[in-house]
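Each residue of the sequence shown is one higher than the last, beginning at 1 in the UniProt record's numbering. Ideal Cβ placement from N, Cα and C applies to all residues, glycine included. Notes follow once the structure below has been shown.
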Amino acid sequence: MTKEMRFGYETVVVPVMAFSALAFGSVGGLGGGIYVRMLIIVMGFDAKSSVPISKCESVVLGCQNFVFMNIYKDIIFAI
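As structure tokens, then:
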């Protein structure tokens with residue numbers, strides 16, 4: 001049996017908070033600590049599921065930042 005998805009303030013607030021937390025966390029070197037707390041407090045997840053989600057999001061955001069920062073740079077091949 002699946003649970004019905006409800007739309008409330010979490011639908012708007014959580015993506016904005018998640019983006020801000022991950023951006024500031026990666027800039028400040030905090031990692032996913034802010035994101036874990038946001039998942040637990042706002043979304044109501046337990047710690048066992050919040051930590052892997054945070055790790056995955058931190059890796060994805062780090063890769064995304066790397067690609068976006070280096071996509072327009074010239075590639076110099078060393079021979």
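| Asked | Found |
| --- | --- |
| Rounded separation between residue 10 and residue 42 - CA only | 7 Å |
| Terminal residues of the alpha helix (DSSP H) in which residue 69 lies | 47-70 |
| Any 3 or more C-beta pairs closer than 8 Å across the region 32-39 and the region 48-58 | yes |
| Per-residue DSSP class, three states only, for residue 44 | coil |
| Exposure label - residue 54; buried when at least 16 CB within 10 Å | buried |
| Start and end residues, alpha helix (DSSP H) containing residue 34 | 33-38 |
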